[in-house]
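Residue numbers (numbering that gives the first Met the number 0): 0 to 189.
Everything on this sheet refers to the single structure shown next.
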Amino acid sequence: MTVLLGAVVAASACSSAVPTETPGVEQLGQYIMRQNGSEADVVVGYKHAAQSLGDEWLLLELAITSPSGESAKFERKNIWVRTPAGVQVPAASQKAFGEAYGSMRNKIAQANVARDPMDYFPPNRLPCDLDLYVAPGEGVAFDQVTVNQRRACEGKLFFYIPGGVQPGKYVLGIDLEEDEIRIPFTLGSE
């Protein structure tokens, strides 16, 4: 009985995360990657991006928090994606997003419905919206958000990709004060 109970406890403590070739980055699902850093824990979802090859806008889901005792400030100007061609593309400004919103509205609605869950953080974290982008006339967008061990924020990131989203390996980059987040993901290999 004790052996059986020990096996059940050990099995329930196992993680379903799969290590990747990038140290510190784990694959949590078909379209979900996570990097736990010293200053921030970041989860990126790219399900919609994988279905949007050829589109000029790359949409990623993002969830962020900080490890116990830490806090991190995420600034839109320090978020970028590196394309398969090696080009580093900054996160779109709220102005660029607002100007393109009319043509993206349906894709954003689709992404809101067909998205993977992003709540891979401890349940005691208070949820908050990333609010780096808002639809025109629907509120205020912020250029930055600060998280700590009590908050876990979720939202979308938008990148304008000249020539359209192409298949290949991308890297989401977030430069923090004391940490660098680098999460690779591949589009078009399914």
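Glycine residues also receive a C-beta, built at the ideal position from the N, C-alpha and C atoms.
**Asked** Using DSSP with H/G/I as helix, E/B as strand and the rest coil, what is F96?
**Response** Note: F96 maps to helix in three-state DSSP.
**Message:** Going by DSSP in three states, G172 sits in which element: helix, strand or coil?
**Reply:** The three-state reading of DSSP puts G172 in strand, counting E and B together.
**Asked** Residue range of the beta strand (DSSP E) that K155 falls in?
**Response** 150-159
**Request:** Report all residues from its chain with a CB closer than 6 Å to the CB of I78; omit the five preceding and five following residues, and keep chain order.
**Result:** A90, I173
**Request:** Take C152 and list the residues in its own chain whose beta-carbon comes closer than 6 Å to its own, dropping the five residues that flank it on each side.
**Result:** I63, C127, L129, V144, V146
**Prompt:** Pairing CB atoms from the region 107-115 with CB atoms from the region 39-51, are three or more of them under 8 Å?
**Reply:** yes
**Request:** Measure from the alpha carbon of R150 to the alpha carbon of each residue in D40, M103, G162, then state which is nearest.
**Result:** Of all alpha-carbon atoms in D40, M103, G162, the one lying nearest the alpha-carbon of R150 is that of D40.
**Request:** Tell me, please, which residues DSSP counts as bridged to K72.
**Result:** Answer is T145, bridged to K72.
**Message:** Between the region 112-120 and the region 81-99, can you find at least three pairs of beta-carbon atoms closer than 8 Å?
**Reply:** no
**At least 3 beta-carbon pairs within less than 8 Å: the region 172-186 vs the region 30-45** = yes
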